[in-house]
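K.L.:
Heads up: the sequence shown begins at 362 in my numbering, then just goes up one per residue. Glycine is no exception: its CB is placed at the ideal position from the N, C-alpha and C atoms. Fair warning: this is a prediction, and the values are worked out from it, not measured in the lab.
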Amino acid sequence: VNLKPEKSYSFVLTNRGNSAGGLQHRVTAKTAPDVLRTKPAFIGKTNLDGMITVQLPEVPVNENIKGYYIIIVPLKKSRGKFIKPWESPDEMELD
Numbered sequence: 362v363n364l365k366p367e368k369s370y371s372f373v374l375t376n377r378g379n380s381a382g383g384l385q386h387r388v389t390a391k392t393a394p395d396v397l398r399t400k401p402a403f404i405g406k407t408n409l410d411g412m413i414t415v416q417l418p419e420v421p422v423n424e425n426i427k428g429y430y431i432i433i434v435p436l437k438k439s440r441g442k443f444i445k446p447w448e449s450p451d452e453m454e455l456d
């Protein structure tokens, strides 16, 4: 599923067992606006502590941004190329 920016989505959460008569909860969520038109840039290389500096793109002044969520997705390399482990985020094991 490709989510669109600034759109509300509504869905029902149920338990994994018997959905008939089980606990159900309706949830509505709204996606954030698409304010980053370009990818963040890495400044320099990883330091000895394993830290990197990232420069975020400028945001239009008319946007009311309170913060950023930075999500790190671990990737594996094989023969110098990154392996794409998932076709969509739904396939990720987040346990």
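Opposite valine 415 in the DSSP bridges: which residues?
P.N.:
Taking the first residue of the sequence shown as 1, we reach residue 415 at position 54. Beta-bridge pairing links valine 415 to Phe403.
K.L.:
Whose CA, out of Ile433, Gly428, Ser439 and Glu454, lies closest to the CA of proline 394?
P.N.:
On the sequence shown, position 33 is the one that residue 394 refers to. Of the listed residues, the one whose Cα sits closest to proline 394 is Gly428.
K.L.:
May I ask you to list the residues that DSSP assigns as paired with arginine 387?
P.N.:
For the purposes of this step, residue 387 is taken as residue 26 along the sequence shown, with counting starting at 1. DSSP output for arginine 387 lists Val373 as bridge partner(s).
K.L.:
Using a Cβ distance threshold of 8 Å, determine whether the segment 435-454 contacts the segment 404-421, with at least three qualifying pairs required.
P.N.:
Flag = no, the segment 435-454 and the segment 404-421 do not touch.
K.L.:
Could you tell me which of Leu397, Asn408 and Lys368 sits nearest to isoleucine 431, measuring between CA atoms?
P.N.:
Translated into the one-based positions of the sequence shown, residue 431 becomes position 70. That would be Leu397, whose Cα lies nearest to the Cα of isoleucine 431.
K.L.:
Going along the chain, which residues of its own chain have a beta-carbon closer than 6 Å to the beta-carbon of leucine 364, five neighbours each way excluded?
P.N.:
Within the sequence shown, residue 364 is the residue found at index 3, counting from 1. Only Thr392 meet the Cβ criterion.
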